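To start, the structure under review is shown below, and the notes come after it.
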Amino acid sequence: MPHHNNLSESEEMYLVTIRKICESCTDTPIPIPHLAQELDVLPVSVNQMVKKLTEAGLVEYQPYKGVELTAEGRKISTKILRHRRLWEVFLVRELKMVLDEAADLSCRLEHPISEDVAQRLSTFLGNPDVCYHGSPIYRGNGEKSNQEISLDQLKVGQHCHIVRVDADQHTRSFLAEEGLHAGMEAVIDAISSSGSILIETANGRSICVSKQIAQKIYVEGTLE
327 MPHHNNLSES
337 EEMYLVTIRK
347 ICESCTDTPI
357 PIPHLAQELD
367 VLPVSVNQMV
377 KKLTEAGLVE
387 YQPYKGVELT
397 AEGRKISTKI
407 LRHRRLWEVF
417 LVRELKMVLD
427 EAADLSCRLE
437 HPISEDVAQR
447 LSTFLGNPDV
457 CYHGSPIYRG
467 NGEKSNQEIS
477 LDQLKVGQHC
487 HIVRVDADQH
497 TRSFLAEEGL
507 HAGMEAVIDA
517 ISSSGSILIE
527 TANGRSICVS
537 KQIAQKIYVE
547 GTLE
C-alpha cells in the first residue's frame, strides 16, 4: 500500500472530484461514466485509477453501482479542497486576480503546502468560511466552519452571512447582478405573507426574493 503523503496530483484529483460531486449530498456510489465525464477522461482510465485507489484504501468500488470515498479518502480530499479554497480567496482578495484565473492557479497550489501553512494562510485571511464560488472552506479538522440554514428560516431584523446559493447558474448570475452572492453580509428587512423576503445587503441595496429562492440561499448561524 503506498504512503498517502506521496499521492500523485492525478490521484489527488480523482479523490477531490469524487468529494466535490458528493459535497452537497450524502456520499453515494458515483457511477464510473459520471466520474469520467467530470474528469473528461475515458471510462477505462477511470477504472484503472479506481483500482489503484481501492488497493490504497482510499475508495471503495461497488460493481454496477460506482465508487465512493473511504474515511481516509474523504479526509485527504477534504484537506486538499481546504487548501484550494484558501488559495482562491487569497488570490482574488489580496492579489486582485480574476476569479477564473485564480481558480486555475489555486488548483496547482493546493498540492504542495502543509496544513501548518494552510492554517497560517487561513489566519492571515481572517479564517474565511467560503471561497468566491460559495463553496465551504473546511476547518483543519475537516468540519465546516458553521451550521448552515436556509434564508427562509430567518426572522425580520436578523443579520446573516451568506455562504452559498444552491441554485442553477442562471439564478445565481441574476442574484449576483442584483448584489446578492456568497460571502456577503445582509439583514432581513421584511417578510410578506406569501413568504417573499426583502433583504438589505451590506452595501445598502435592497433585494426581494421569493420563498422558493430563499430556500436555496444558505447562511451561517443558528435560529434564535
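The opening position of the sequence shown corresponds to residue 327 in our numbering, with each subsequent residue numbered one higher.
All C-beta atoms in this analysis are idealised placements derived from N, C-alpha and C, irrespective of residue type, glycine included.
Keep in mind that this is a model prediction, so the values were computed, not measured.
* Go to residue 515, then tell me how far its beta strand (DSSP E) extends in each direction, as first and last residue. => Counted as a single uninterrupted DSSP element, the beta strand (DSSP E) harbouring residue 515 occupies residues 511 to 517.
* To do: Return the first residue and the last residue of the alpha helix (DSSP H) that residue 372 is part of.
  => Following the DSSP letters along the chain, one finds residue 372 inside the alpha helix (DSSP H) bounded by residues 369 to 381.
* Asked: When burial is assigned at 16 or more other CB atoms within 10 Å of the CB, is residue 545 buried or exposed?
  -> That one is buried.
* Asked: Are the region 389 to 403 and the region 332 to 351 touching by the rule of at least three beta carbon pairs closer than 8 angstroms?
  -> With the cut-off at 8 angstroms, the region 389 to 403 and the region 332 to 351 touch.
* Are the beta-carbon atoms belonging to residue 370 and residue 361 less than 9 angstroms from one another? -> Not a contact, by the Cβ cut-off of 9 angstroms.
* Residues that residue 487 bridges to, as DSSP identifies them -> The partner list for residue 487 (beta bridge, DSSP) reads 511, 546.
* Where does residue 433 sit, in a helix, a strand or coil, going by DSSP? -> Here residue 433 sits in helix by DSSP.
* Mind checking which residues open and close the beta strand (DSSP E) that includes residue 418? => Membership of residue 418 in any beta strand (DSSP E) is not indicated, and neither H nor E is assigned to it by DSSP.
* Asked: If you run the structure through DSSP and keep just helix, strand and coil, what is residue 334?
  -> Residue 334 sits in coil when the DSSP states are folded into three classes, being neither helix nor strand.
* Asked: By Cβ distance below 8 angstroms, which residues in the same chain neighbour residue 537 in space, the five residues on each side in sequence not counted?
  -> Answer for residue 537: 478, 520, 521, 522, 523, listed in chain order.
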